[in-house]
Amino acid sequence: MGDTAFIELNQIVKDFPGVKALKGVDFSVYPGEVHGLIGENGAGKSTIIKIMMGVHQKNSGSIKINGDEVIIDNIIQAGRLGLAAVYQDLNLAMDLSIGENFFIGNLPKKKSGLVNWKYVYEETEKTLKDLKIVIDPRKKISELSPAMQEMVAIAKTVHLNSKLVIFDEPTALLTNEEVEILFDIIKTLKKRNVAIVYISHRLEEIFDICDRVTIFKDGEWVDTTDVEEIDEDQLINKMVGRNITEMYNIGHQSPGDDVIRVKNLTREGNFQNISFDVKAGEIFGFFGLVGSGRTEIMRAIFGADKLTSGSIELNGKPYKPKSPIDGIKKGIGFLPEDRKEQGLALALSVKHNINLSSYKDINRFSFVDKKQENSRADKYIDKMSIKTPSRRQTVGNLSGGNQQKVVIGKWLCNDSNIFIFDEPTVGIDVGAKREIYKLMEELAAAGKAVILISSYLPEVMGLSDRMAVIYEGNLTAVLDRKDFSEERILKHASGIK
Amino acid sequence: MKKLINKFKEGKIAEGNLILILIAIIILLAIFSPKFLTANNIKNLVRQTSIIGVVAIGMTFVIISGGIDLSVGSILGVASIISSMLMVSGLPIFLAIIVAMVVCTLLGVINGIIVYDGKVPPFIATLGMMTAARGIVMLISNARMIAGLPRTFSNFAQITILGMPSLFFVWLLVIIATFIVTSQTVIGRNLFAFGSNPEAARLSGINIRTLTYFIYGISGFMCAIAGILMTSRLSNGIPTAGTGYELDAIAAAVVGGASLSGGSGTIIGTVLGALLIAIIRNGGNLLGINPFILQISVGVLIVVSVMIDQRRKASV
Amino acid sequence: MKKLINKFKEGKIAEGNLILILIAIIILLAIFSPKFLTANNIKNLVRQTSIIGVVAIGMTFVIISGGIDLSVGSILGVASIISSMLMVSGLPIFLAIIVAMVVCTLLGVINGIIVYDGKVPPFIATLGMMTAARGIVMLISNARMIAGLPRTFSNFAQITILGMPSLFFVWLLVIIATFIVTSQTVIGRNLFAFGSNPEAARLSGINIRTLTYFIYGISGFMCAIAGILMTSRLSNGIPTAGTGYELDAIAAAVVGGASLSGGSGTIIGTVLGALLIAIIRNGGNLLGINPFILQISVGVLIVVSVMIDQRRKASV
Amino acid sequence: AAGQQEAAGPAGEKPYEIAVIIKATDSDFWQYLLVGALNYEVENPDLVNVTTYGPPSEADIAQQVTILEDVISTNPDGIVIASTSSDATVPALEMAYDKGIAIITVDNKVNTDKVHSFLATDNLVGGAMAAEKMVEYMKAEGIALKGKVGIVSAMAGIQVLTDRDGGFTARLNELAPDVEVLEPRYIDNDIVKALSATEDLITTYGDELIGIFADNNHSADGAARAIGEQKLQNKIILTGYDSDPEEVAAIKAGVLRAIMVQDPYGMGYKGVDSAVKVIEGGSLPEFVNTGVVAVTKENVNDSDVQGVLDPYSMKKY
Ligand SMILES: Nc1ncnc2c1ncn2[C@@H]1O[C@H](COP(=O)(O)OP(=O)(O)OP(=O)(O)O)[C@@H](O)[C@H]1O
Ligand SMILES: Nc1ncnc2c1ncn2[C@@H]1O[C@H](COP(=O)(O)OP(=O)(O)OP(=O)(O)O)[C@@H](O)[C@H]1O
Ligand SMILES: [Mg+2]
Ligand SMILES: [Mg+2]
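So the sequence lines, in the order shown, correspond to chains A, B, C and D. 186 is the number of the first residue of the first sequence in my numbering; add one for each residue after it. 78 is the number of the first residue of the second sequence in my numbering; add one for each residue after it. 78 is the number of the first residue of the third sequence in my numbering; add one for each residue after it. 6 is the number of the first residue of the fourth sequence in my numbering; add one for each residue after it.
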């Protein structure tokens, strides 16, 4: 760590229409340090890095680089100053090739002025290979799994040879293996005396990789400290203002009757011969590596995708879904993994989104019963403790965790009895995570069946009564809680017999 | 009332900006042309706006859903020719109108089928329908006007009720009905959800197939109403009726605040948008502005009013 | 070559479907009309397609970027009137062409400014320009054709080189140049990145302001070329020149595989799309099909070819 | 009806293939021309085989050139064309002429000598006649020749319309120098827009407005309706152009005072006939005036104008 900070931000204020995102925060990073930045959803983490990167303009405050005051009013300039970032939302051009995305905004030219494609593809291939990723860079990036896409984005940013590299929640989509690669990358950067900002909601990562950590709360700076001088409980306390111990400690029910029975389910190209059953009052985990086909299985059960063969029984009756309408009628609620693309109408109000699946029940001659609409919205805003100024707030303006709660509220509102949660806590802060876990507990206690898909092993292990493990579209094991062990699960998940 | 004014000030009424722009233009015109605020001119104005106003309302449904309907003008032509040919052939007026409405609604539904089941982008699906439907109109009418409509039918558009033209009341009825549908019914809620995020709407159990049929069907139905009004007003079935109306209708909806990417738009906004464009044209005519300069001004004003709207939205 | 065929079979060539459809139609027409595959008719065909083909290429840039340009027809009219008025007034042909090109490119850039800086949706921005530019054309030409062009200028469009019309070579030049720009230059690739994900493009440091100006400027420039070609071909400056071309150009690009939501589209696809539409019309004329039935067929075929394309894409 | 069969007999053998190309398919006027042409075919089935073509709109000049080129590719024996532009079709027509195809132009003169005959009305004269009729009726109604006269024009930038408006304005200026002729209002050939434009003219100029000239059938339909609705036919003298059923009704009702009717039927019929004569080696005059008739309430019921008013009544197929 050097003596002067590479970048130093003082009293930064940022207002968005209706929201004070940053209320005068300080933040500095030294060369060769990995600086963790944590806080609840909506605390202002992404906002401050976007100010550093010239994406947003601060309302007041100052930025110094190597001790000199600078004005960063666009991204190009930030790049010149040696700043680079991997943003939270995957910002890739899905219609383009991997190589092109690797060099987006920075394409190399030949002497003739034309794009040097040879260099583009060779360099991409080489750089990715160094990171143990072997793929054809001429492929369209949309053909990659989200995890691989994230790795491309990371590799691309690192390749820029910047003096400060910012990672905004890089691990949300990654498997253990890729997280290892990422940490190796960060260590290499550190050796090169690069300053690094690391944002994550997985606190153990902060302890694994960071030297110092800064905590934000509601747009205000709370503390900056050496990681060695703080423990996880203290960190959480500073972050959410209360103690959360034993994240995964929830009550477990004695299971009831089979609610859902699945036999030999097959969807060509996605999964084969999947059979399992889920009982009332049970939390049934689904673990597998990213891309193993869990989402597809659940989508097919919900009715969103077509099945090739196999049968499903719900409460003892045969069930053949043709569209989500059938699944919903039978009381299935599905929380999709991508809430922005599949779960929410972002431009509409909280109220509208909560009621989205229930309008069929709250109308008279197809006229919406507005009293019920409002009272249901209020009920679930309250029940889920959704942080929103009013039920009329546009969902797009809520923070990630609160958006997730709105989607859950939608299915509660629809009186579902089978809940499928697909990666429910991706990008969610610890406080909100805990609330979602408590909610699953409540659902199970009320006799509902809960299916939990997660790529985050501690979470599935901690919450599930039983767990199915999927490897490349095949069910490799169904384990009871007493048989859960990390080693065993990972073995099944990677196809080792 | 006070609440309303406050809401207005806070920019919470979506159509707020537009109302201000409209008022400003009305005041300007009233100052420069003493004829502008006469009863007669107002009557003319609403009469001139009613027909395109009805089309624009159907268009608003399509635009809220994230689609576009280029076939409105041609379907309007279908309504005009079919209803008048049937009347002339002796069918009772009432039946002729019903048949035209059914046919046009079906043409709209066919648009919906091409879009949903054929997965053809709305722009192309309705562009094809625009070309094909106009061809059909020309073919069955031999590109000729249809004359000899029953007197009672052609008189309808001439009637005034309480001093206002009958066309205005039809438009008003359409406005009220669609206002209720978009703001009070399940279909309205689903329409916005679908336009805002089709995949989320589907996964929430909304039947987006029938919804798509419904949306384009409504647009076709509105074209039928507009076509029948126009036929009554002109006492003739006109094969070229409605040519170019698609752009006017889209402009009205978008000036009224609808977004072509779907999920937003209001009936009242569209009504104001249609009025704004009509008032500019009417005012320009009253002031005796050179028609080409007027045309230029209309173009500029459409852009400027959308620009002002965007600015004010961003600053709230 | 074998590699190419394999790629083709695997559906990896974006324009594959279109080529198949095109070949099928050509075979059908060749069977039914012996005149279709004559040298003379082929010459006519390319001549007829060249002008709209150039406009469609400019449109392709805009569509790839996720925008739309409704003003192409009017800007084409501007080129026609300005270049012919200047020539008639005695300016050297060369200079007249340059002036027309500069003016039209500027009009395009103004579209870009309204879209980027004014944050007005492209549909509205260019709709305004469409109306305003046509007004300007009418105003400066007094809505009259401009006759009396220099012979050397009007002769240009009649010349054939190596048996092919000169217009074809201009089109070919434009195709080659834009093919290189879109596939081999940084600005071309930035265009795709921007259309595919504007936010990602911005965050990657692409200057999307100048890119937007460039895109609409190119479209304006292409309209200038097309307008000048048309003026030469028609030996007149025509104030109504290009009316309705926006829809033909969009149809060509979309039939050619461009998506109106941006990020995809190819120059070759657009060329094939323009040819497909032109061939249908040409074939209809050769077969002496009733013009209304021909109109209906064109509408249906545009929709069907896009539908087939979607199906095949989905099945790959 | 029209010759859809594909193969024509070898050149020189009957029936002759005659292609008729109109300016636009979207109006009664051009449909009337086709009736004339097709009637000729019906009357002489062994002599000619008529095929008809046309672009959807008169604004689309390039499309008409395209059609002409396509038609020439099919090698007909004769072409009858109403060319929208006087220059644009020249190269194609000259080529066809050189190939030995009989070329008959109608309605609009084309700037080349390589045409066998030209049949048309003079639109300048027709416009002037409309002015004369207007003045005549103003005098009859006792309206002082002072004030303003409006023009409702179907479309900007179309040559024949510009001629009509120009002929009208020039003649009216001669006959009534104290009357101001206003800038034309353009209506995109849309009757509803014609109606609105006329309403706005009436609102704007009130009593000052003493006459309106509408330069085609759609503009006259709309103008007549506006004037009729407000019962101003005795204060505002309306004269129009062309003929369609609505105009005829307006004439009979006294709202529209006069329409200048050309003979599109004759252009079609005589056009095909001329082509046949050329093919068979006859010689023809360079120009045939097909004439324009002013139809008013006085002569609207005369039997000899019925044919020009509604050629559809003469349709034989
Ligand atoms: N473009 C914007 N317009 C309006 N409000 C915004 C905008 N971007 C962020 N905000 C608001 O600013 C606040 C801070 O958001 P920010 O994205 O910085 O949070 P974060 O700490 O990154 O949260 P998360 O952990 O969920 O990513 C939130 O209340 C958010 O709703
Ligand atoms: N849009 C897509 N295009 C092509 N292949 C896809 C697409 N989406 C998923 N796949 C592939 O389908 C398979 C199953 O993916 P799926 O998303 O169901 O996995 P998952 O186990 O749910 O993992 P995740 O944690 O990503 O949700 C994988 O091989 C994946 O790469
Ligand atoms: Mg964030
Ligand atoms: Mg998944």
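For each residue, glycine too, the CB sits at the ideal point set by N, CA and C. Keep in mind the model is a prediction, meaning the values are calculated, not measured.
For R377(A), no alpha helix (DSSP H) encloses it, and the DSSP letter there is neither H nor E.
Contact between A332(A) and V475(A) holds: CB atoms are separated by about 5 angstroms, below the 8 angstroms threshold. Close CB contacts of V383(B) within its chain, under the 8 angstroms cut and outside five residues either way in sequence, are with V331, V332 (chain order). Counting other Cβ atoms within 10 Å of its Cβ, Q588(A) reaches 16 or more and is therefore classed as buried. R221, M222, A224, G225, Q235: these are the residues of the region 221-244 of chain B whose beta carbon lies less than 8 angstroms from some beta carbon of chain D, given in chain order. Of the candidates N118(C), S341(C), L337(C), G321(C), the residue whose Cα lies closest to the Cα of L364(C) is N118(C).
The contact set of I285(B) on chain D, defined by CB atoms closer than 8 angstroms, is empty, because the minimum CB distance reaches about 35 angstroms. For S110(C) against G282(C), the beta-carbon gap comes to about 55 angstroms, at or over 8 angstroms, which does not count as contact. Looking at the backbone, the Cα of T301(D) and that of I215(D) are separated by about 18 angstroms. Taking 7 angstroms as the cut-off, the Cβ atoms of A181(D) and L150(D) count as close. Beta-bridge annotation (DSSP): W302(A) is not paired with any residue. Residue state for A562(A) is assigned as helix, using DSSP reduced to three classes. Here Q419(A) carries a helix assignment [DSSP, helix/strand/coil].
In the structure shown, P290(D) adopts coil according to DSSP, grouped into three states. At a cut-off of 7 angstroms, the C-beta of V176(C) has no neighbouring C-beta in chain A.
With respect to T203(B), G376(C) sits apart: the two C-beta atoms are not nearer than 7 angstroms.
If you check the CB distance, T126(C) and L352(C) come in under 7 angstroms. Residue environment for K376(A): exposed (fewer than 16 other C-beta atoms within 10 angstroms of its C-beta).
The C-alpha of G339(B) is placed about 37 angstroms away from the C-alpha of E627(A).
Using a Cβ-Cβ cut-off of 7 angstroms, I261(A) counts as an interface residue toward chain C, since at least one Cβ of chain C sits closer than that to its own.
Within the region 155-183 of chain D, those residues whose Cβ lies closer than 8 angstroms to any Cβ of chain C are, in chain order, M160, A161, G162, I163, Q164, T167. No heavy atom of ligand 3 is found nearer than 6 angstroms to the CB of Q589(A). Residues of the region 306-318 of chain B that bring their beta carbon within less than 9 angstroms of a beta carbon in chain D comprise M307, R310, L311, S312, N313, I315, P316, T317, A318, in sequence order. V47(D) has its alpha-carbon roughly 14 angstroms from the corresponding atom of V281(D). Setting aside the 5 residues that flank it on each side, M164(B) is surrounded in the same chain by I170, A173, L226, P227, F230, each with a C-beta closer than 8 angstroms to its C-beta; the list follows chain order. The alpha-carbon of S312(C) is positioned some 18 angstroms away from that of T320(C). In the DSSP assignment, no residue is bridged to P250(D). The region 515-526 of chain A makes no contact with the region 258-270 of chain B: fewer than 3 CB pairs, one atom from each, lie closer than 8 angstroms. Counting only unbroken stretches of 4 or more residues, the alpha helix (DSSP H) elements lying wholly within the region 244-323 of chain C are 263-273, 275-280, 285-311, in sequence order. In this structure, the alpha-carbon of N188(B) lies about 16 angstroms from that of T137(B). Contact of G205(B) with chain C by beta-carbon distance below 7 angstroms involves G376, V377, I379, V380.
Rounded to whole angstroms, the gap between the alpha carbons of I84(D) and S122(D) is 11 angstroms.
Ligand 1 approaches G585(A) closely enough that one of its heavy atoms is under 6 angstroms from the residue's Cβ. The Cβ-Cβ distance between L153(B) and F369(C) does not fall below 7 angstroms.
For M625(A), the enclosing alpha helix (DSSP H) starts and ends at 615-630. At a C-beta separation below 7 angstroms, L280(C) has these neighbours in chain A: V240, I260, Y272, N276.
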